[in-house]
Ligand code: CTP
Ligand code: CA
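This is the structure:
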């Protein structure tokens, strides 16, 4: 029994992981998106499942196979992701928002293909819901983990997000660093915590980053228990 608890420290823990980009429709043939590959989120979901967690992976469109031993919900837009995560939130113990959610979407979605014309074209955008911010307002007992991809002032912006979104941890990376960020197999992250602590990890595989993050989460969950 004790051996099982050692190997599966997350058994009985419900974890939602969001991953990948979102797609915001412009017209029937076009959309706005970003460079997120989904690799970081898929690595976290896979490792969490190996540690015994009951994982639901809410994923935007990526070209990865879902890891084994977990449930995957496929979504497209920020609004879809918000709806999927909202429905699962109350029951969850931990939410890890790795997804690169679009901040804006086209204000009008054309029901026909936009035809080219002489001159330029203006696309009016409106804000999407900030899912993490909404969850931060609703949270009762859940541990909320956000990600932040920055190109400058990493610590300042990460701490701001931690505070504003009522998150428990923000995992920040400087996407300008070689070996960090979009599409790579590796990452260089710093984990900022609510109590002011920070943990800077050196360059490592996304799978190793996932393991480090999950071990931080396991210690936080233990604190809450007793
Ligand atoms: N996030 C979200 N919903 C959004 C935008 C972001 O849930 N509409 C989440 C991301 O999944 C991530 C965290 O918020 O966990 C930080 O995302 P990021 O894009 O770095 O921050 P923003 O608050 O969107 O600010 P900005 O893009 O201006 O830096
Ligand atoms: Ca953003």
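Residue numbers (UniProt numbering): 178 to 403.
Virtual Cβ for every residue (Gly too), placed ideally from N, Cα, C.
Sequence-distant residues of the same chain with beta carbon closer than 8 Å to residue i, five excluded per side
i, result
"residue 352", "326, 327, 328, 358, 359"
"residue 286", "202, 203, 204"
"residue 354", "365"
DSSP state of residue i mapped onto helix, strand, coil
i, result
"residue 324", "strand"
"residue 184", "helix"
"residue 245", "coil"
"residue 266", "helix"
"residue 213", "coil"
"residue 388", "helix"
"residue 303", "strand"
"residue 236", "strand"
"residue 380", "coil"
"residue 201", "strand"
"residue 310", "helix"
"residue 315", "helix"
Own chain partners of residue i with C-beta closer than 7 Å, once the 5 adjacent residues on each side are dropped
i, result
"residue 390", "221, 348, 368"
"residue 265", "193, 233"
"residue 388", "224"
"residue 356", "363, 365, 380"
"residue 382", "362, 363"
"residue 258", "195, 199, 235, 237, 252, 276, 278, 308"
8 Å contact criterion, which residue i and residue j should meet: CB distance rounded
i, j, result
"residue 275", "residue 196", "5 Å"
"residue 284", "residue 310", "Actually they do not touch by this definition, with Cβ atoms about 21 Å apart."
"residue 365", "residue 379", "7 Å"
"residue 252", "residue 235", "6 Å"
Rounded C-alpha distance that separates residue i from residue j
i, j, result
"residue 292", "residue 272", "42 Å"
"residue 209", "residue 402", "42 Å"
"residue 399", "residue 320", "12 Å"
"residue 203", "residue 214", "21 Å"
"residue 199", "residue 190", "26 Å"
"residue 269", "residue 386", "22 Å"
"residue 185", "residue 298", "54 Å"
"residue 304", "residue 263", "18 Å"
"residue 341", "residue 323", "11 Å"
"residue 289", "residue 256", "21 Å"
"residue 242", "residue 295", "43 Å"
"residue 282", "residue 183", "45 Å"
"residue 212", "residue 306", "20 Å"
"residue 187", "residue 280", "32 Å"
Close-in-space but distant-in-sequence residues of the same chain around residue i (CB under 6 Å, 5 per side omitted)
i, result
"residue 370", "346"
"residue 376", "368"
"residue 250", "235, 261"
"residue 246", "226"
"residue 218", "194, 196, 275"
Ligand 3 heavy atom lying under 7 Å from the CB of residue i
i, result
"residue 309", "The model depicted lacks ligand 3 and carries ligand 1 and ligand 2 instead."
In chain order, what residues have a CB nearer than 7 Å to some heavy atom of ligand 2?
-> Output, sorted by chain position: 278, 280.
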